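K.L.:
Please find one structure pasted underneath; my questions will follow.
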Amino acid sequence: MDYLRSLQQRTKWSKQGAWIPAMGDLVLLKEHNLPPLMWKTGTICEVHPGADQLIRVVSVRTTKDNILKRAIVKVCPLPKDIV
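Here my numbering is used: the first residue of the sequence shown is 914, the next is one more, and so on.
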């Protein structure tokens with residue numbers, strides 16, 4: 914549980930070091946009614962910037978080729994470089 918919580922750090926959009934979602938990023942889709950090991954994984958296929966040009970919504974392609982639109986507070990980025 915602690916590891917999954919550390920994947921999604923609550924940083925303000927205006928601060929340096931905040932996660933900026935990009936196409937091709939691997940993410941976990943956070944669901945409140947499921948335990949963390951049951952969360953779906955997916956790849957960001959589209960980003961939706963708002964009127965202020967900040968990305969707060971992304972489209973995620975899941976393993977079943979469904980495309981889901983989620984707020985970035987509901988997705989947890991997975992590490993890009995796994996050794």
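Note that the Cβ used here is the ideal one computed from N, Cα and C, for glycine as well. Keep in mind the model is a prediction, meaning the values are calculated, not measured.
Using the beta-carbon count (16 or more within 10 Å), is Ile957 buried or exposed?
P.N.:
That one is buried.
K.L.:
Decide if Gly955 is buried, meaning its Cβ has at least 16 other Cβ atoms within 10 Å, or exposed.
P.N.:
Flag for Gly955 reads buried.
K.L.:
Identify the residues that DSSP records as bridge partners of Ala984: which are they?
P.N.:
DSSP lists Val970 as partners of Ala984.
K.L.:
Take Arg983 as the anchor and find which of Asp938, Val970, Thr976 and Pro990 has the nearest alpha-carbon.
P.N.:
Out of Asp938, Val970, Thr976 and Pro990, Val970 has the C-alpha closest to the C-alpha of Arg983.
K.L.:
Do Pro949 and Leu917 come within 8 Å of each other at the CB atom, strictly closer than that value?
P.N.:
Yes, the Cβ-Cβ distance between Leu917 and Pro949 is below 8 Å.
K.L.:
Does Leu941 come out as helix, strand or coil in the three-state DSSP assignment?
P.N.:
Residue state, collapsed to three classes: strand.
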